[in-house]
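Take 1 as the starting number for the sequence shown in my numbering and just add one per residue.
Please read the structure below before turning to the comments.
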Amino acid sequence: MVNVGINGYGTIGKRVADAVSLQPDMKVMGIVKAHPDYMAFVASKKFKIFISDSKSKKLFEDAGIKVEGTMENLVDDSEIIVDATPDDVGKLNKPFYETHKKKAIFQGGEDHDLTNLSFNSYANFKDAWGASYVRVVSCNTTGLIRTIFPLTELGKVRVRANLVRRATDPNDHKKGPINSIEPDLKIPSHHGPDVRSVIKDLDIQTMAVKVPSTLMHVHFVNVTFDKEVSRDDIIENWRRYRRLMFVSGKDEVKSTSQLMEIARETGRMRSDLYEIVLWKEAISLKGSELFYYQGIHQESDVVPENIDAIRSMMQLKEKEDSINETDKSLRIGELAYGR
Ligand code: NAD
1 MVNVGINGYG
11 TIGKRVADAV
21 SLQPDMKVMG
31 IVKAHPDYMA
41 FVASKKFKIF
51 ISDSKSKKLF
61 EDAGIKVEGT
71 MENLVDDSEI
81 IVDATPDDVG
91 KLNKPFYETH
101 KKKAIFQGGE
111 DHDLTNLSFN
121 SYANFKDAWG
131 ASYVRVVSCN
141 TTGLIRTIFP
151 LTELGKVRVR
161 ANLVRRATDP
171 NDHKKGPINS
181 IEPDLKIPSH
191 HGPDVRSVIK
201 DLDIQTMAVK
211 VPSTLMHVHF
221 VNVTFDKEVS
231 RDDIIENWRR
241 YRRLMFVSGK
251 DEVKSTSQLM
261 EIARETGRMR
271 SDLYEIVLWK
281 EAISLKGSEL
291 FYYQGIHQES
301 DVVPENIDAI
311 RSMMQLKEKE
321 DSINETDKSL
331 RIGELAYGR
């Protein structure tokens, strides 16, 4: 049983904490909270609470939240930390983990250079075997790798992808845009180079816009093969990967709101959709050029990768066994309707 500490209990941290709790080979030792807010109170019903600043102990206790100790105590109690603090905060925490000789996983808001090892379960599980520091790539990058990696098994590919990004997460009441479309003026957007931090010599360029939605991202992807492949081969190969799922407009699944409704209806925790969604009828092959749309639930698609990264770094299970265990615990694959 591996002891896991969670530092940062926001969109990603709370989901990883619950996912760790579902695994037979790992245990949540506690979570770090900075402020005694309502979420800290809710979290204290499930997890031991550790605080980032010992001076705030009284504030937590006055709010009826039991404090088990400081972040230092949690790091000492844990064998590995999942750092899910906001963008660029993880890099400030890394020296602390190093001093305490603890392994740590960082998220996609950190640069690749922080760990020099960016992770995706399908593409490079083995690279993280026994590693001390790993970065799980962002939600968009995870989505791109999930569909592109299987395509690289069919031939050499050139990828041009356009990303329609949700403005912010559903719980956020501050960020936008709420009534405009905001192009990423840096071309390529950072997503293409980020995919290359995992699939090293891939020819990929990306552009991105942010739109007023909180539910999911949608990508439209164009892939050129260097040899002849058939649409059936492509779909057949994608089907081997449980973290991809197919839907169809014919079944009245035409939008991200309907995808979220499926997740809600099936009782997924927090209505999470860990799978990357492909609209089947839109998968089109014109000569050697493939076109497809994919939907990405940004709040949850990186959660299974965090669990597999723990297993690889702690040398708990080989790739397939880890993926199977993670998928079973999160019910990934159960929505494979109409395949
Ligand atoms: P979030 O803002 O929802 O949660 C961050 C948590 O860390 C909060 O609970 C906050 O209180 C806490 N925290 C700890 N130290 C802090 C500090 N020094 N300053 C401010 N807050 C601090 O963030 P998130 O969306 O869960 O993102 C976490 C990481 O995961 C980032 O690297 C992000 O890029 C990445 N990520 C986010 C998403 C997404 O869609 N939200 C998807 C994939 C990856």
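Even glycine gets a Cβ: it sits at the ideal position worked out from N, Cα and C.
Length of the line joining the Cα atoms of residue 70 and residue 271: 32 Å
Segment limits, alpha helix (DSSP H) that includes residue 20: 11 to 21
Residue 294 CB to nearest heavy atom of the ligand NAD below 7 Å: no
Any non-hydrogen atom of the ligand NAD within 7 Å of residue 212 CB: no
heavy atom of the ligand NAD below 7 Å from residue 110 C-beta: yes
With 16 other Cβ atoms within 10 Å as the buried cut-off, status of residue 189: buried
Three-pair Cβ contact test at 8 Å for the stretch 116 to 127 versus the stretch 180 to 188: no
Residue 305 Cβ short of 7 Å to the ligand NAD heavy atom set: no
Residue 52 beta carbon near the ligand NAD (any heavy atom closer than 7 Å): yes
Neighbour-count burial assignment, residue 195, 16 or more Cβ in a 10 Å radius: buried
Residue 19 beta carbon less than 8 Å from that of residue 134: no
Sequence-distant residues of the same chain with beta carbon closer than 8 Å to residue 274, five excluded per side: 243, 297, 300, 301, 303, 304, 330, 332
Buried or exposed (CB count within 10 angstroms, at least 16 for buried), residue 38: exposed
First and last residue of the uninterrupted alpha helix (DSSP H) at residue 332: Counting along the chain, residue 332 falls outside any alpha helix (DSSP H), and DSSP gives it neither H nor E.
Contact with chain B by residue 308, beta-carbon distance below 8 Å: Absent from the structure: chain B. Only one protein chain is present.
Exposed unless 16 or more other CB atoms sit within 10 angstroms - verdict on residue 95: exposed
Test item: CB-CB of residue 80 and residue 104 under 8 Å: yes
Nonlocal neighbours in the same chain, by C-beta distance under 6 Å from residue 90, ignoring five residues either side: 83, 106, 110
Contacts around residue 160, its chain only, beta-carbon distance under 7 Å, and the 5 residues preceding and following it disregarded: 205, 222
Spatial neighbours of residue 127 in its chain, beta-carbon cut-off 7 Å, leaving aside the 5 residues before and after: 117
Strand pairing of residue 33, partner residues [DSSP]: 51
Sufficient close CB pairs (3 or more, under 8 Å) joining the stretch 280 to 295 to the stretch 217 to 235: yes
heavy atom of the ligand NAD below 7 Å from residue 5 C-beta: no
Terminal residues of the alpha helix (DSSP H) in which residue 256 lies: 256 to 265
Cut-off 7 Å between Cβ atoms - residues of its own chain near residue 266, not counting five sequence neighbours on either side: 335
Residue 62 beta carbon near the ligand NAD (any heavy atom closer than 7 Å): no
Backbone CA spacing between residue 165 and residue 228 [nearest angstrom]: 32 Å
Inter-residue CB distance, residue 60 and residue 31 (contact presumed, cutoff 8 Å): Actually they do not touch by this definition, with Cβ atoms about 13 Å apart.
Length of the line joining the Cα atoms of residue 249 and residue 46: 39 Å
Residue of 108, 306, 287 minimising C-alpha distance to residue 137: 108
Through-space distance from residue 155 to residue 123, alpha-carbon basis: 15 Å
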